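What follows is a set of notes on a single structure, which appears directly below.
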Amino acid sequence: MPALILTLETTCDETAAAVVDDELRILSSVVASQEKLHAQYGGVVPELASRAHVERIYPVVQETLERAGLRASQLAAIAVANRPGLAGSLLVGVAAAKALAVALRIPLIAINHLQGHIYAGRIAAGREIFPCVGLVASGGHTSLYRCRSPLDFTLLGGTIDDAAGESFDKVAAMLGLPYPGGPALELAAHGGSATAYKFPRSFLKEERLDFSFSGLKTAVRYALAPQGSQLPKPPLPEQLVNDIAASFQAAVADCLIGKALQALRRERLKRLCFAGGVAANKTIGAQLNTACEQHGIELVVPPPALCTDNAVMGALAVERYRAGLFESLDCDIVPGLER
Ligand code: KG4
Ligand code: ZN
Numbered sequence: 001m002p003a004l005i006l007t008l009e010t011t012c013d014e015t016a017a018a019v020v021d022d023e024l025r026i027l028s029s030v031v032a033s034q035e036k037l038h039a040q041y042g043g044v045v046p047e048l049a050s051r052a053h054v055e056r057i058y059p060v061v062q063e064t065l066e067r068a069g070l071r072a073s074q075l076a077a078i079a080v081a082n083r084p085g086l087a088g089s090l091l092v093g094v095a096a097a098k099a100l101a102v103a104l105r106i107p108l109i110a111i112n113h114l115q116g117h118i119y120a121g122r123i124a125a126g127r128e129i130f131p132c133v134g135l136v137a138s139g140g141h142t143s144l145y146r147c148r149s150p151l152d153f154t155l156l157g158g159t160i161d162d163a164a165g166e167s168f169d170k171v172a173a174m175l176g177l178p179y180p181g182g183p184a185l186e187l188a189a190h191g192g193s194a195t196a197y198k199f200p201r202s203f204l205k206e207e208r209l210d211f212s213f214s215g216l217k218t219a220v221r222y223a224l225a226p227q228g229s230q231l232p233k234p235p236l237p238e239q240l241v242n243d244i245a246a247s248f249q250a251a252v253a254d255c256l257i258g259k260a261l262q263a264l265r266r267e268r269l270k271r272l273c274f275a276g277g278v279a280a281n282k283t284i285g286a287q288l289n290t291a292c293e294q295h296g297i298e299l300v301v302p303p304p305a306l307c308t309d310n311a312v313m314g315a316l317a318v319e320r321y322r323a324g325l326f327e328s329l330d331c332d333i334v335p336g337l338e339r
């Protein structure tokens, strides 16, 4: 009888749970999105996010167990993403996980949310993907990892300002596109020219494995309105929106692809896992695929539903379960990214 693990995910604005077994089979997965709640503010409001997690965590856990046809007493362990993320959001998941672990007298496992994003690639591939370089591009992070094994990740670099997904969301807002901006901007870009505007690609020619997207965001702003003047009020002319969207997306793609290839070269690795919400972008994915083919790199990208936040990526906990890596009940949240 395989051991069953309940995984919880509340790092940002999705309340999610999944049941996985120790052979990495997914028995059920539920994601309660808070997208509508935050859309009216054009971004995630941390206080609203944590309150919504409090309301949703119990029903989401119930539904996840029901869909798997399980009773809580059949679980062998509880896993939770305890870092990085919004403090108030993380606290809800960690408190719920601890309560379940105590009530059911089963072990508690903590995972890193960004490493979970990369592990979604392992689940999607259905076979080993380690060692590899992991590139996570999401609304909160843009990070490059050396992934030696599922238990051995080293951070190689990351954004020094905005995250890639955050820059999509902010540029989309300037263009009058709906929140979250990534999918809407990708759609607009289909009708535009990627060479209409020449936007900056920060650090691309430098050795460092870091990203910076705030200059790109400012360049878009100045393309829309000269310095010192107000942004035009939407709706903007459709061709302008499409051309800026396509040119902006091309700049983000060049930075992500350029740095991923640099990391692969430096680490002498031949496999790349591209994960996180921005990895749901098909245009960037196709360009990355071409670059990887040219360089003899095997590319792993989870399907869109496993790129954005979910609890299936918490299956990383299975690796910790097998290794007996459990947490005590004073296990805490870590909102910031550990270097
Ligand atoms: O991984 P995720 O669901 O949550 C975080 O951990 O942040 O990522 C959400 C981010 C948002 O910024 C969203 O705009 C972006 O991923 N995103 C996309 C696309 N789909 C989602 N960005 C670009 N193209 C997309 N198709
Ligand atoms: Zn995420």
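Under the numbering used here, the letters of the sequence shown match residues 1 to 339, in that order.
By construction, the Cβ of each residue, glycine as well, lies at the ideal position given by its N, Cα and C atoms.
Please read all numbers here as calculations on a predicted model, not as lab measurements.
Legend entry - Contact test: C12 Cβ vs the ligand ZN heavy atom, cutoff 7 Å: Within the sequence shown, numbered from 1, the residue matching residue 12 stands at position 12. Checking the Cβ of C12 against the ligand ZN gives yes.
Inset, instruction - Please find out if some non-hydrogen atom of the ligand KG4 comes closer than 7 Å to the beta-carbon of T341. - result: The chain is shown from 1 up to 339; residue 341 falls before or after that span and cannot be answered.
Inset, instruction - Please go through the same chain and pick out, in chain order, the residues whose beta-carbon is closer than 6 Å to the beta-carbon of G181, but skip the five residues on each side of it. - result: Counting from one through the sequence shown, the residue named residue 181 turns up at place 181. Only F168, D169, A172 meet the Cβ criterion.
Legend entry - As assigned by DSSP and simplified to three states, the class of G121: To locate residue 121, count along the sequence shown from 1; it is residue 121. DSSP places G121 in helix when its eight states are reduced to three.
Inset, instruction - Confirm the yes/no value for this check: CB of D169, any heavy atom of the ligand KG4, distance under 7 Å. - result: Along the sequence shown, read from residue 1 onward, the residue named residue 169 stands at position 169. Flag set: Cβ of D169 near the ligand KG4.
Inset, instruction - Please confirm whether A164 and V278 have their CB atoms less than 8 Å apart. - result: Mapped onto the sequence shown, residue 164 falls at position 164. Mapped onto the sequence shown, residue 278 falls at position 278. It is a contact, given that the beta carbons lie within the stated cut-off.
Legend entry - Local Cβ density within 10 Å of A253, reported as buried at 16 or more and exposed below that: Counting from one through the sequence shown, the residue named residue 253 turns up at place 253. Its Cβ being crowded by 16 or more others within 10 Å, A253 is buried.
Legend entry - Local Cβ density within 10 Å of Y321, reported as buried at 16 or more and exposed below that: Mapped onto the sequence shown, residue 321 falls at position 321. Y321 is buried by the Cβ-count criterion.
Inset, instruction - Would you kindly check if the distance between the Cβ of C255 and the Cβ of S202 is under 8 Å? - result: By 1-based counting over the sequence shown, the position of residue 202 is 202. By 1-based counting over the sequence shown, the position of residue 255 is 255. Cβ atoms of S202 and C255: closer than 8 Å.
Inset, instruction - Indicate whether the contact test is met: 3 or more Cβ pairs, each with one atom in the segment 44-64 and one in the segment 3-15, closer than 8 Å. - result: yes
Legend entry - Meets three-Cβ-pair contact criterion under 8 Å: the segment 115-133 and the segment 304-316: yes
Inset, instruction - Confirm the yes/no value for this check: CB of G42, any heavy atom of the ligand KG4, distance under 7 Å. - result: Against the sequence shown, residue 42 aligns to sequence position 42. No, the ligand KG4 has no heavy atom inside 7 Å of this Cβ.
Inset, instruction - Report buried or exposed for D330, applying the criterion of at least 16 other Cβ atoms within 10 angstroms of its Cβ. - result: Residue numbering aside, residue 330 sits at position 330 when the sequence shown is read from its first letter. Exposed, since its Cβ has fewer than 16 Cβ neighbours within 10 Å.
Legend entry - Identified DSSP bridge partners for R146: Along the sequence shown, read from residue 1 onward, the residue named residue 146 stands at position 146. R146 pairs with V133, T154.
Inset, instruction - With DSSP collapsed to three states, give me the class of C331. - result: As a working note, residue 331 is residue 331 in the sequence shown. Looking at C331 - three-state DSSP - the assignment turns out to be coil, as it is neither helix nor strand.
Inset, instruction - Kindly list the residues whose CB is nearer than 6 Å to the CB of G42, restricted to its own chain and excluding five residues on each side of it in sequence; keep chain order. - result: As a first step, residue 42 must be located in the sequence shown, where it is residue number 42. Excluding sequence neighbours, G42 sits near A173, Y179.
Inset, instruction - Would you kindly check if the distance between the Cβ of R71 and the Cβ of S28 is under 8 Å? - result: The residue labelled residue 28 in the question sits at position 28 within the sequence shown. The residue labelled residue 71 in the question sits at position 71 within the sequence shown. No, these two residues do not count as a Cβ contact at 8 Å.
Legend entry - Proximity below 8 Å, CB of V44 to CB of H38: Counting from one through the sequence shown, the residue named residue 44 turns up at place 44. Counting from one through the sequence shown, the residue named residue 38 turns up at place 38. It is a contact, given that the beta carbons lie within the stated cut-off.
Legend entry - F274 - partner residues in DSSP beta bridges: Counting from 1 along the sequence shown, the entry for residue 274 is found at position 274. The partner list for F274 (beta bridge, DSSP) reads L135.
Inset, instruction - Look at the alpha carbon of R83 and the alpha carbon of S149, and state the distance between them as a whole number of angstroms. - result: Taking the sequence shown and counting its residues from 1, the one referred to as residue 83 is at position 83. Taking the sequence shown and counting its residues from 1, the one referred to as residue 149 is at position 149. Rounded to the nearest angstrom, the two C-alpha atoms are 19 Å apart.
Legend entry - Coarse secondary structure for L108, derived from DSSP in three states: By 1-based counting over the sequence shown, the position of residue 108 is 108. L108 falls in the strand class under three-state DSSP.
Legend entry - Alpha-carbon spacing of V92 relative to H190, whole angstroms: One-based indexing of the sequence shown puts residue 92 at position 92. One-based indexing of the sequence shown puts residue 190 at position 190. Rounded to whole angstroms, V92 to H190 spans 39 Å at the Cα level.
Legend entry - the segment 294-309 in contact with the segment 323-337 per 3-pair CB rule at 8 Å: no
Legend entry - With 16 other Cβ atoms within 10 Å as the buried cut-off, status of V102: Walking along the sequence shown from the start, residue 102 turns up at place 102. Exposed, because fewer than 16 other Cβ atoms sit within 10 Å of the Cβ of V102.
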